[in-house]
Each structure stands twice: as C-alpha cells, then as structure tokens.
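Novice: Under this note's numbering, the sequence shown has 1375 at position 587, and the numbering climbs by one with no breaks.
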Amino acid sequence: MITAKDLTLEEKFLLLTGRDMWRLTNANGKLPEIFMCDGPSGLRMEILDENGEKTGTIPATAMPTISQLANSWNRETVYLNGKTIADEYVEHGAHINLAPGVNIKRSPLCGRNFEYFSEDPYLAGALSYEYIKGVQDKGIGTSLKHFCANNKESYRVSASSEVDERTLREIYLTPFEMALKAKPWTVMCSYNLINGVYASENKKLLKKVLRDEFGFNGVIMSDWGAVGNRYKALKATLDLQMPYHRCALPELKDAYEKGLITDEEIDYCVNNIIDLIYKCHSQNTKVEYTKEQRHQNAVEIAKEGVVMLKNDNDLLPIKGKKVMVVTADGPIPRIGGTGSANVSADFKFIKLCDLLQEKDPTGSYNPVYTLNPIYTQCAEVDAVLITCFAEAEGEAYDRTSLQISKFAIECIEEISKHNKNIILLVYAGSAIETGDWIDKVSSLIYCGYGGEGIDQALASIITGEVSPSGKLAETFPVSLDQASCKFNQINGFLEDYSEKLMVGYRYYDTYNKQVGFPFGYGLSYAKFEYSDMQIKKLGDTDFEVSYTITNTSKVDAKEVSQLYVKHILPRVIRPEKELKGFSKDLIKAGESKRITLKLDFRSFAYYNVSLDAWHVENATYEIMVGASSRDIKLTQKIKIERADETQNSTYTHIIGS
Ligand code: GLC
789 MITAKDLTLE
799 EKFLLLTGRD
809 MWRLTNANGK
819 LPEIFMCDGP
829 SGLRMEILDE
839 NGEKTGTIPA
849 TAMPTISQLA
859 NSWNRETVYL
869 NGKTIADEYV
879 EHGAHINLAP
889 GVNIKRSPLC
899 GRNFEYFSED
909 PYLAGALSYE
919 YIKGVQDKGI
929 GTSLKHFCAN
939 NKESYRVSAS
949 SEVDERTLRE
959 IYLTPFEMAL
969 KAKPWTVMCS
979 YNLINGVYAS
989 ENKKLLKKVL
999 RDEFGFNGVI
1009 MSDWGAVGNR
1019 YKALKATLDL
1029 QMPYHRCALP
1039 ELKDAYEKGL
1049 ITDEEIDYCV
1059 NNIIDLIYKC
1069 HSQNTKVEYT
1079 KEQRHQNAVE
1089 IAKEGVVMLK
1099 NDNDLLPIKG
1109 KKVMVVTADG
1119 PIPRIGGTGS
1129 ANVSADFKFI
1139 KLCDLLQEKD
1149 PTGSYNPVYT
1159 LNPIYTQCAE
1169 VDAVLITCFA
1179 EAEGEAYDRT
1189 SLQISKFAIE
1199 CIEEISKHNK
1209 NIILLVYAGS
1219 AIETGDWIDK
1229 VSSLIYCGYG
1239 GEGIDQALAS
1249 IITGEVSPSG
1259 KLAETFPVSL
1269 DQASCKFNQI
1279 NGFLEDYSEK
1289 LMVGYRYYDT
1299 YNKQVGFPFG
1309 YGLSYAKFEY
1319 SDMQIKKLGD
1329 TDFEVSYTIT
1339 NTSKVDAKEV
1349 SQLYVKHILP
1359 RVIRPEKELK
1369 GFSKDLIKAG
1379 ESKRITLKLD
1389 FRSFAYYNVS
1399 LDAWHVENAT
1409 YEIMVGASSR
1419 DIKLTQKIKI
1429 ERADETQNST
1439 YTHIIGS
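Here it is as structure tokens:
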C-alpha cells in the first residue's frame, strides 16, 4: 500500500483529476485503476477504447427512477434496488455508482426531479441512506450528490443559490446529513454557487460543514466539469476533479510554484484518493443475480412505487371485463428521464394490453391505434384505460409545464362523452397537475418513471393481484401557478430561495393552500383504521410513539403511516408540520398491526442561527399520525421542558413585572 509520499509531484497532480471521463490514473502503475459511472437507475457504463474514447454503452437493467422509488416509502425496497444495481457494477468491473441524488424538490419544474427523492428532507435522507447501504453492502461505492442546493437545471453552472443559513441547514443539508450515516465513499459537489461561492471552491460547505461537522471522511469529487480553478478547489478540500481536465496540471503546477498550495494540502487530497482506490479493490464482491432475477427485482420494486390517486366506485381492480387500451403517447412506456441517469436497457418489451390479458384471461383488453372513430366505440366497452406521459424530464433543462400531453387530454375529453369508466395511467418523473381533467376520469394511477418492469407491475395492480401501496413523496399542486415555488430567478446568476423553509407541504399546509394531491397521499384496495395512540417519554427529547392499524377489508395490503410533529406557539417561524417518521407495513385482511416509531432531539429541533446550533425549545408539541399530510388519524400533545441555559428567559422576567 502506498501513500502520497511515494508519488512524484506530477503523479500527485495527475491523480487529482480524472484520467478520462470515468477512470483515474494509476500513477505510473503504482496504483490499481478504478472505474466510476452513473447512475441512480442502473449501470450506465461506457465502453472506452485505449484513448479513453467512448465506443458504446453496456446494456443494463433499467430500474425505477429515484422519484418512483421514493413513492414506495419502503426502506427495504430502496435497499434491494441499491443491491440490484450494484450487482451489475460487480459483473462489469465498475467500482463506484455516481448516485444517489438527494437534492430537494424545491420546484415541481426542476428537470431532474425524477432523480431526487422528495420535497421533504427527512424522507429524502431516510431513503437515500437505504440506497447507499444497498449499493455499498455489495462492495460498490456511491457518490452522494449534488452537494448542495442544486435544485434547478437552468443556469446550473452559473447561478448562485441564495439561501439563508437556517433554510440551508433544515431543508437542503439535512438529507445529506442523514445519508452520510450510511458512510458513502464519495460526495459529489454541485455545479452551482451557494451564496456567491462555487460549490467546488466553497470551503465553508466542503470543509467546515461536510467534513468537520458532518464527519465525512471520504473523497469529495466534483460534478463533471464543475471545477473552475483546480487549485482553488484543492484549497477548499475538493479531492478529485472529474472528468480529466487538461488545465488541471498547469494550474496546479503554477499554484505550487507561486506557493498558493502546500504539500500538506496536496497530500491530504491525494491520500483521500489513494484510500478510495484501495477501498475499491479490497471488497469481497460477487455477482448474486441473473439478468432475469434483476428484471424481476425491477418489477417488484416498481410495484411498491405505483400510486393510486383516484378510484371512484372501486372501478379498480378490474377483471373479466371488456377494456379498451388507449396508449395516447405510444405503446412503449416512458421508464426514465434523459441525461446521465439514462440506462440503455435491453429488456424485452411487451405491450401493456398483452400483459393485462395474460394476468386476466377472463377479461378482454383491446389496444386501439386509430383514435378518431374509436371515440364512439368506447360506449361498447366496460372501461377505457388510457396511458400517457407528461412533459419529458431530463438533465440540463427544466420543465415548463406540469400538464400531461395534449393528446391525452383530448382523449379524456372525447372518451368521457361516451364512457365514464376511464382509468388513466400517467408515466411521469415528478409532480403533474390534474385540475383540468381529474373530474373526467374514474381512476388515476401515477406510475412514476418505473423502469423496465413498470408495465408488469401495473398489470398486477390493475387486475388486483396486488394492491397499490405507493404514496406521493412530493405534493401535486392544483396547478403550476399555485405551486409553492416556480423558481425565483433574478437573472442567470441568481436564484433567490425567498420561500425559505416553506417548501412543498410545508408551504401548502402552513398557509392552508389547496393542493391537487397532498404529500404522503395514496389509495389502496384495502381500508385501514388507525387507533390507540400511546406516547412514552424516554428522555428530555426522546419519545416512543405507538399506534395500531387495522385492515378492515378483505384484501391484504401495505399501508404507509406517517409521523408529523408540530411546534405549538414557537418563538421562530416554523412550518405547520414536519415529517419525522414513517413506516410501511403489510397488514393482512382483517388483521391489526402495532407500530412503534421513535422521536429524538432532531425530531423537535430547528436550526437556531443566533445560537448557530440545532435547538429544541421548551414548548408544547403536537404529535400526529397520518395516512397522508392532510389525513391525520391520531394526535396527542406532549410538553418538552429542558433545564438548559439556551432556553429563552420568560418575558415576565424581562419586563420586570
Ligand atoms: C452530470 C451530472 C452528474 C453525473 C455526472 C457524470 O453532469 O450532473 O449527476 O453523475 O455528470 O455523468
């Protein structure tokens, strides 16, 4: 094993930037090589020639996107997803998966929302933790990204995210802080500036916060092309500039000769990279799944993230009926977004109507291709199933609308004149608006970008083999103009986070705004009753909350229950409620399950910028258990009284009365 002292200065400098798009140098043979590649929904590994030029991409299993995963609210599902992806990295000799992205879905328009978990920091942190564990337990590294406040795609390399300290800590850094407990091997810094300093040169965030406060001791790498000047990034402790950049060597040599960077600073980053290289090569990795097993995992995982948003008259599940299948935007589902998260999947595509027919031989599922005459024929079938897309989502651009396709809206309008039993399936990566047409459909299934297994998952759900169990990890606004944030771009250099803490349901619930579908919402074929909430105090700010859920239906199903905390009469502005726990549980027909969740200091804390620390105020707090953020089933108040000097003096004392 070598360290920085065994390398020449030039070998060190060359190690501080990539060898090409995906690999590091081997320091003239002194080190083994490592290969890193995207991405969040599966292996995107380019085949490189001896010059490092791309000659192709290895086909891989297209798993659900991160946003569809998040709608599962299922820790085990997210863990299995990580394991399944990592299995393909092992098979093809890649060492680091450049994922997961945990940026907060501040605006529903962000083009990469399909690559992110949620509008809520707690949910994003808890699920990204599982993703990292799933990948790294297979001996493959991860890259927690994009650090930080990278919440839109337009002007991502030039705009400064102007965000106040409290908002930064409570909303945008918390997912990273929680995910870091899974010890990701690397963190990827973002392109943007944060409060006027590029992420790649932001010593306060990279060194003071990420390393010293959060305890991260792995490699900080740049996003691809996110380093402005290599020596400035080095001084901020950015270890690795990716990809290879021809300016890195001359910039580092020049800075060294001018005394702008020291041997100590150089060796610190070089040793971090050497440690990473050895870590990649010291794992006991083995391939666990066949291609078919990975595909089956993709199907099972996709099932967990499908969200049923409407189901009037229990139209679904449907069996033994005559169903017309209208694939408004084409028979091939949109299974992911474009850009670095794209996976070149080589799965054998089967039409949804064929999958439905196979699942339900007693029914008849007829695809239609030419629509004009069909509208009138729709009266002759029991139900019409329409599939459609929303505006395409991808890296480097943001959406301009939350609407589904115009053609899909036309189909809904026309078909609803002849048949009221419309089942709409939407393939999308982030929030959609439904106000214009929701009254014209009986059932609405939000598929997400569900990977190669999505249509098999849908066939199981639509025919009732399994109940839908997904719930929204982001609010669907009534319409774009009522969204909590549509970006607040002052110019190409400034994005003002003026909404502060009021992101997503924090905004809608605090200001009592109408929404299309609330955060945490999703329907089931089963019916659940919540009862018998008990709260046990374990310490100053430690509590155990337990409650019972009973499945009163005849259908086995999973239920996602959510735990929210509300600070009563706070001395600072706080959102109406904040998610601080959740559980997804299979509850068989007619059975009950007792669920217990824990609350701790950070469940009650806010970031106090006067104390420059997380702080729990002595006060009354309302503990709420809900089936969604707007369907609170159980609630109880508790008091916190901590005898510590950081508590405010009482005002009676101050006025001397
Ligand atoms: C891209 C993305 C990042 C990705 C990297 C490598 O620009 O921002 O998420 O991992 O470059 O493709």
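Cβ coordinates follow ideal geometry from the N, Cα and C atoms, glycine included.
The model shown is predicted, which means the values in this text are computed figures rather than measured ones.
Locate the beta strand (DSSP E) running through residue 935, then write down its first and last residues.
Specialist: For the purposes of this step, residue 935 is identified with residue 147 of the sequence shown, where counting begins at 1. 929-935 is the span of the beta strand (DSSP E), which, as asked, contains residue 935.
Novice: Under 8 Å: does the beta carbon of residue 979 sit that close to some heavy atom of ligand 1?
Specialist: Residue mapping note: residue 979 aligns to position 191 of the sequence shown, counting from 1. Result yes, Cβ under 8 Å from ligand 1.
Novice: Residue 1062 to residue 790, Cα distance in whole Å?
Specialist: If you number the sequence shown from 1, residue 1062 lands on position 274. If you number the sequence shown from 1, residue 790 lands on position 2. Distance between the alpha carbons of residue 1062 and residue 790 is about 8 Å.
Novice: Hey, out of 818, 810 and 1075, whose CA is closest to residue 824's CA?
Specialist: In the sequence shown, counting from the first residue as 1, residue 824 sits at position 36. It is 810 whose Cα lies nearest to the Cα of residue 824.
Novice: In chain order, what residues of the same chain have a beta carbon less than 8 Å from the beta carbon of residue 997, not counting five sequence neighbours either side?
Specialist: Along the sequence shown, one-based indexing puts residue 997 at 209. The residues are 961.
Novice: Are the CB atoms of residue 1229 and residue 1177 nearer to each other than 9 Å?
Specialist: Here residue 1229 refers to the residue found at position 441 of the sequence shown. Here residue 1177 refers to the residue found at position 389 of the sequence shown. No, they are not a contact pair.
Novice: So what's residue 1413 in DSSP terms, helix, strand or just coil?
Specialist: Working through the sequence shown from its first residue, we reach residue 1413 at position 625. DSSP places residue 1413 in strand when its eight states are reduced to three.
Novice: Using beta-carbon positions only, say whether residue 883 and residue 1068 come within less than 9 Å of one another.
Specialist: The count along the sequence shown starts at 1 and reaches residue 883 at position 95. The count along the sequence shown starts at 1 and reaches residue 1068 at position 280. Against a cut-off of 9 Å, the Cβ pair of residue 1068 and residue 883 comes out as a contact.
Novice: Since residue 1021 and residue 1239 are thought to touch, with beta carbons under 8 Å apart, how far apart are those beta carbons, to the nearest angstrom?
Specialist: Translated into the one-based positions of the sequence shown, residue 1021 becomes position 233. Translated into the one-based positions of the sequence shown, residue 1239 becomes position 451. In fact, because the Cβ distance is near 35 Å, the residues do not count as touching under 8 Å.
Novice: Taking the C-alpha atoms as reference points, what is the distance between residue 1065 and residue 1435?
Specialist: The sequence position of residue 1065 within the sequence shown is 277, counting from 1. The sequence position of residue 1435 within the sequence shown is 647, counting from 1. Going from the Cα of residue 1065 to the Cα of residue 1435 covers about 47 Å.
Novice: Is residue 1012 near ligand 1, in the sense that its beta carbon is under 8 Å from a heavy atom of that ligand?
Specialist: Position 224 of the sequence shown, counted from the first residue, corresponds to residue 1012. It does: the Cβ of residue 1012 is within 8 Å (strictly closer) of some heavy atom of ligand 1.
Novice: Flag this pair as touching only if the region 1078-1098 and the region 1218-1233 have three or more C-beta atom pairs under 8 Å; answer yes or no.
Specialist: Yes, since at least three Cβ pairs between the region 1078-1098 and the region 1218-1233 fall closer than 8 Å, the two stretches touch.
Novice: Check whether the Cβ of residue 1028 sits closer than 8 Å to any heavy atom of ligand 1, and report yes or no.
Specialist: In the sequence shown, counting from the first residue as 1, residue 1028 sits at position 240. Not under cutoff, so the answer is no.
Novice: Any idea what DSSP makes of residue 1121, helix, strand or coil?
Specialist: To locate residue 1121, count along the sequence shown from 1; it is residue 333. It is coil, neither helix nor strand.
Novice: Would DSSP call residue 966 helix, strand or coil?
Specialist: For the purposes of this step, residue 966 is identified with residue 178 of the sequence shown, where counting begins at 1. Residue 966 falls in the helix class under three-state DSSP.
Novice: Go ahead and pull the three-state DSSP assignment for residue 1301.
Specialist: Counting from 1 along the sequence shown, the entry for residue 1301 is found at position 513. Reduced to three states, the DSSP call for residue 1301 is coil.
Novice: Does the region 1131-1144 come close enough to the region 1197-1205 that 3 or more CB-CB pairs lie under 8 Å?
Specialist: Segments in contact, no.
Novice: Tell me, to the nearest whole angstrom, how far the beta carbon of residue 1260 is from that of residue 891; I am working on the premise that it is less than 8 Å.
Specialist: Start at 1 with the first residue of the sequence shown, and residue 1260 comes out as number 472. Start at 1 with the first residue of the sequence shown, and residue 891 comes out as number 103. 18 Å between Cβ atoms; not a contact.
Novice: Is there contact between the region 1022-1034 and the region 794-813, where contact requires at least three CB pairs shorter than 8 Å?
Specialist: At 8 Å Cβ cutoff, the stretches touch.
Novice: Would you mind sorting residue 1363 into buried or exposed? The rule is 16 or more other CB atoms within 10 Å of its CB.
Specialist: Counting from 1 along the sequence shown, the entry for residue 1363 is found at position 575. Buried, by the Cβ-count rule.
Novice: If you follow the alpha helix (DSSP H) that residue 1142 is part of, which residue opens it and which one closes it?
Specialist: What you label residue 1142 is simply residue 354 of the sequence shown in a count that begins at 1. Its alpha helix (DSSP H) spans residues 1140-1147.
Novice: Taking 6 Å as the limit between beta carbons, can you name the residues of its chain near residue 999, skipping five residues before and five after?
Specialist: Position 211 of the sequence shown holds residue 999. Counting only Cβ-Cβ distances below 6 Å, and skipping sequence neighbours, we find nothing.
Novice: Under a three-way DSSP split, which group does residue 1327 fall into?
Specialist: The residue given as residue 1327 occupies position 539 in the sequence shown. Residue 1327 falls in the strand class under three-state DSSP.
Novice: For residue 1347, does the count of other Cβ atoms within 10 angstroms reach 16, so buried, or fall short, so exposed?
Specialist: By one-based count along the sequence shown, residue 1347 stands at place 559. By the 10 Å Cβ count, residue 1347 comes out buried.
Novice: For the beta strand (DSSP E) containing residue 1171, name the first residue and the last one.
Specialist: Within the sequence shown, residue 1171 is the residue found at index 383, counting from 1. Start and end: 1171-1177.
Novice: Do residue 855 and ligand 1 come close, with the Cβ less than 8 Å from some heavy atom?
Specialist: Sequence index remark: in the sequence shown, residue 855 carries index 67 (1-based). No, since every heavy atom of ligand 1 falls outside the 8 Å radius drawn around the Cβ of residue 855.
Novice: Can you tell me which of 881, 1001 and 928 puts its alpha carbon nearest to the alpha carbon of residue 1400?
Specialist: The residue you call residue 1400 lines up with position 612 of the sequence shown. Among 881, 1001 and 928, the Cα nearest to that of residue 1400 is on 1001.
Novice: Around the C-beta of residue 1299, are 16 or more other C-beta atoms found within 10 angstroms, so that it is buried, or is it exposed?
Specialist: The residue you call residue 1299 lines up with position 511 of the sequence shown. Counting Cβ neighbours within 10 Å, residue 1299 comes out exposed, since fewer than 16 surround it.
Novice: Give me the DSSP bridge partner(s) of residue 1426.
Specialist: Residue numbering aside, residue 1426 sits at position 638 when the sequence shown is read from its first letter. According to DSSP, residue 1426 bridges with 1409.
Novice: Who are residue 1155's beta bridge partners in DSSP?
Specialist: As a working note, residue 1155 is residue 367 in the sequence shown. BP columns for residue 1155 point to 1113.
Novice: Roughly how many whole angstroms lie between the Cα atoms of residue 1301 and residue 1295?
Specialist: Position 513 of the sequence shown, counted from the start, is the residue given in the question as residue 1301. Position 507 of the sequence shown, counted from the start, is the residue given in the question as residue 1295. So the alpha carbons of these two residues sit roughly 8 Å apart.
Novice: Roughly how many angstroms separate the alpha carbons of residue 1333 and residue 1389, rounded to a whole number?
Specialist: Here residue 1333 refers to the residue found at position 545 when the sequence shown is read from its first residue. Here residue 1389 refers to the residue found at position 601 when the sequence shown is read from its first residue. Using only the alpha carbons, I get a separation of about 14 Å.
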